[in-house]
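Chains as they are written, first to last, in my numbering: chain G, -15 to 141; chain Y, -15 to 141. Here's the structure, in structure tokens; my notes come after.
Number of protein chains: 2
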Amino acid sequence: MSGDEKSLQERHAPASICFGCGPANERGLRIRSFPQGDVVVADWKPEAWHEAFPGMLSGGITGTLLDCHSNWTAAWHLMKQAGLAEPPCCVTAEYAVQLRRPIPSGETVHLEARVVESKEDRAVIESSLVAGGKVCATCRGTFVAVKPGHPAYHRWG
Amino acid sequence: MSGDEKSLQERHAPASICFGCGPANERGLRIRSFPQGDVVVADWKPEAWHEAFPGMLSGGITGTLLDCHSNWTAAWHLMKQAGLAEPPCCVTAEYAVQLRRPIPSGETVHLEARVVESKEDRAVIESSLVAGGKVCATCRGTFVAVKPGHPAYHRWG
Chain G
-15 MSGDEKSLQE RHAPASICFG CGPANERGLR IRSFPQGDVV VADWKPEAWH EAFPGMLSGG
45 ITGTLLDCHS NWTAAWHLMK QAGLAEPPCC VTAEYAVQLR RPIPSGETVH LEARVVESKE
105 DRAVIESSLV AGGKVCATCR GTFVAVKPGH PAYHRWG
Chain Y
-15 MSGDEKSLQE RHAPASICFG CGPANERGLR IRSFPQGDVV VADWKPEAWH EAFPGMLSGG
45 ITGTLLDCHS NWTAAWHLMK QAGLAEPPCC VTAEYAVQLR RPIPSGETVH LEARVVESKE
105 DRAVIESSLV AGGKVCATCR GTFVAVKPGH PAYHRWG
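What follows is the structure in structure tokens.
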């Protein structure tokens, strides 16, 4: 995860404008996800406008981080599973977030995600957000590779 | 829902800096929620930087809208239930979002939320996002009034 290494997003979707993970969205969260063995990890530093109240991260931003990071975990897994050079374009079918404790916004948070189920065109991903050494939020979501004709198909840029 | 009428957020938490619903967060979504009979409604217009890909709203932003709007629905309900003049400060315990179809980002979206279960200090809220005349996303979440000592207590501004 050095500054020189390209993230999944930078490598496979550099022109994406997604609010959560698009490298080309200057007002977005621009998470950078990196495979690390069986999991995918990311470190991300909140800014003041991402808070719910002073000092604590917004639950919506928390969900956005876990949703996008999990979506990339699914895309990376489906790419490997099918022996593709590029990940299929995936969209979120559903995600559920548990906010277990307040998330301090003054420090970098750590995301970690893993595949828990998968089929040919979809994966179920479990993920967590760790801050201050504690698991503050967890998420479980289902992510689906879209087919030609879906509005998202080949729109990752 | 005229421009003159104050939203729940403007009435009860005008200094809140929450990313999703704080009137004082200039970079936030600034949703404006209004009780309407048994439900709470909001209309919200996306901007380009809220998209997942061109023309479609981000799933994380969608979850943020439904989370914050539902939280205010819970706070409003708990206020009425207890006969209070101001809503208790509520936080999200968990929320689950189903993204049923792509959400067009070029038009105003409509949020609607209702209480489906409640106790003295918490409520379960179901909500939906309608765009283009169709239910595009639904959400179910649990929202809890915090007590003195919680970092969020009396921090709505």
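Virtual Cβ for every residue (Gly too), placed ideally from N, Cα, C.
Quiz prompt | Counted within 10 angstroms of its Cβ, other Cβ atoms place V100/G as buried (16 or more) or exposed | solution = To locate residue 100/G, count along the first sequence from 1; it is residue 116. Exposed.
Can you look up D51/Y in the DSSP assignment and give me helix, strand or coil? The residue you call residue 51/Y lines up with position 67 of the second sequence. Secondary structure at D51/Y: helix, using DSSP grouped into helix, strand and coil.
List in chain order: all unbroken beta strand (DSSP E) runs of 3+ residues lying wholly within the segment 51 to 130 of chain G.
Entirely contained in the segment 51 to 130 of chain G, the beta strand (DSSP E) runs reaching 3 residues are, in chain order, 74 to 83, 93 to 102, 106 to 115 and 118 to 129.
Using a Cβ cut-off of 7 Å, pull out every chain Y residue sitting near Q82/G, in sequence order please.
Residue 82/G sits at position 98 when you count from the first residue of the first sequence. Residues of chain Y passing the Cβ test: E78.
Beta-carbon proximity of R98/G to V24/G, cut-off 9 Å: Mapped onto the first sequence, residue 98/G falls at position 114. Mapped onto the first sequence, residue 24/G falls at position 40. Yes, they are a contact pair.
Closer than 9 Å at the beta carbon, the chain Y residues around D51/G:
Residue mapping note: residue 51/G aligns to position 67 of the first sequence, counting from 1. Within chain Y, the residues near D51/G are S42, G43, G44, G47 and V81.
### Task
Report buried or exposed for L68/G, applying the criterion of at least 16 other Cβ atoms within 10 angstroms of its Cβ.
Reading the first sequence from its first residue, position 84 is the one you call residue 68/G. L68/G is exposed by the Cβ-count criterion.
### Query
Among residues of its own chain, excluding the 5 on either side of V128/Y, which ones have a beta-carbon nearer than 7 Å to its beta-carbon?
In the second sequence, residue 128/Y corresponds to position 144, counting from 1. Counting only Cβ-Cβ distances below 7 Å, and skipping sequence neighbours, we find C74, V75, A77, D105 and R106.
Quick one: any contact between the segment 47 to 58 of chain G and the segment -4 to 6 of chain G, if contact means 3 or more CB pairs under 8 Å? yes
Can you list, in chain order, the residues of its chain whose CB lies under 6 Å from that of E(-11)/G, leaving out five sequence neighbours each side? Along the first sequence, one-based indexing puts residue -11/G at 5. No residues qualify anywhere along the chain.
Checklist line | N-terminal and C-terminal residue of the beta strand (DSSP E) that E(-6)/G is part of | finding: As a working mapping, residue -6/G is identified with position 10 in the first sequence. Not the beta strand (DSSP E): E(-6)/G falls in the alpha helix (DSSP H), residues L(-8) to H(-4).
Beta carbon of D22/G: closer than 8 Å to some heavy atom of the ligand MG? Looking at this structure, you won't find the ligand MG or any other ligand, since it has none at all.
Next item on the list: Starting from the beta carbon of I1/G, find every residue of chain Y whose beta carbon is closer than 9 Å, and list them in chain order.
Entry: Walking along the first sequence from the start, residue 1/G turns up at place 17. Within chain Y, the residues near I1/G are A32, W33, E35, A36, F37 and P38.
Residues of its chain near Y137/G, where Cβ-Cβ distance is below 8 Å and the 5 sequence neighbours each way are ignored: Here residue 137/G is taken as the residue at index 153 of the first sequence, counted from 1. Excluding sequence neighbours, Y137/G sits near C73, V130 and K131.
To the nearest angstrom, how far is the alpha carbon of K227/Y from that of S0/G? Here chain Y covers residues -15 to 141 and nothing more, so residue 227/Y does not appear.
Partner residues on chain G for P86/Y, Cβ-Cβ distance less than 9 Å: Here residue 86/Y refers to the residue found at position 102 when the second sequence is read from its first residue. Those are V75, H134, P135 and A136, listed as they occur along chain G.
Residue-level contact to chain Y via CB, L68/G, 9 Å cutoff = Residue 68/G sits at position 84 when you count from the first residue of the first sequence. Look at L68/G: its C-beta is not under 9 Å from any C-beta on chain Y.
Next on the checklist: Among W60/Y, R84/Y, G117/Y and K118/Y, whose alpha-carbon lies nearest the alpha-carbon of D22/Y?
Outcome noted: Position 38 of the second sequence, counting from 1, holds the residue named residue 22/Y. The shortest C-alpha separation from D22/Y is found at W60/Y.
Problem - For I45/Y, the nearest candidate out of G116/G, Y79/G, A32/G and L62/G (CA to CA) - result: Position 61 of the second sequence, counted from the first residue, corresponds to residue 45/Y. Measuring from the Cα of I45/Y, the nearest candidate turns out to be Y79/G.
**Q.** Residue-chain proximity (R106/G, chain Y), Cβ-Cβ < 9 Å
**A.** Along the first sequence, read from residue 1 onward, the residue named residue 106/G stands at position 122. With 9 Å as the cut-off, R106/G does not count as an interface residue toward chain Y.
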